[in-house]
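Data block below; observations after.
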Amino acid sequence: MSSYDPNNIFAKILRGEIPCGKVYEDDHVLAFKDINPQAPVHILVIPKGEYVSISDFGAKASAEEIKAFFDAVSKIAEEQGLSGEGFRTITNAGLNGGQEVPHFHLHILGGRRLGPMLTKLAA
Ligand code: 5GP
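Heads up: the sequence shown begins at -19 in the working numbering, then just goes up one per residue.
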């Protein structure tokens, strides 16, 4: 796994060097609107610690950080009015996962029927 790049865009958001449409923050977690939304609600949830991907987060984060992260996901879904009709979470990891930003993040998508999980790919 590659090492953490402190110049990635989400690290800059965490340091306050770049603005974001913040929707949630606590000691361990920040969440903000995706700049290029793929659904009526599209939120990115990130830990404040330096973790490259979900694997890195699972391997290195403390139990407190992991609990805070998933508690925040549930709270945000509730606050955004997604809990009733449902929503989708996605985390892309690495090259095959199509991860663009190398700071672990979870996408929360909702506000409409999202359809099949993956578009059909050519064989
Ligand atoms: P990934 O492909 O790594 O799972 O997702 C990265 C996401 O970050 C993309 O959905 C992209 O639109 C979003 N993104 C990239 N740069 C910025 C930014 O500067 N601000 C915000 N709010 N979102 C960003």
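Beta carbons are placed, not taken as given, at the ideal position from N, Cα and C, and that holds for glycine.
Whose CA, out of the options, lies closest to the CA of residue i?
i            : options                       : result
glutamine 79 : Gly64, Ala39, Ser33 and Arg93 : Ser33
tyrosine 31  : Arg92, Gly95, Glu5 and His85  : His85
glycine 95   : Phe67, Pro82, Leu24 and Pro27 : Phe67
leucine 98   : Val81, Arg92 and Gly77        : Gly77
Within 8 Å: the Cβ of residue i and any heavy atom of ligand 1?
i             : result
leucine 24    : yes
glycine 104   : Beyond the ends of the chain as shown, which are -19 and 103, falls residue 104; an answer cannot be given.
asparagine 16 : yes
glycine 1     : yes
glutamine 79  : yes
Within 10 Å of its beta-carbon, does residue i have 16 or more other beta-carbons around it, so buried, or fewer, so exposed?
i             : result
isoleucine -2 : exposed
glycine 1     : exposed
aspartate 36  : buried
For residue i and residue j, which I take to be in contact (beta-carbon distance under 8 Å), what is that distance rounded to the nearest angstrom?
i            : j                 : result
histidine 87 : phenylalanine -10 : So it is not a contact: roughly 13 Å between Cβ atoms.
Next on the checklist: Please give the ranges of any alpha helix (DSSP H) in the region 44 to 81, keeping only runs that are unbroken, at least 4 residues long and fully inside the region.
Outcome noted: Here the runs fully enclosed are 74 to 77.
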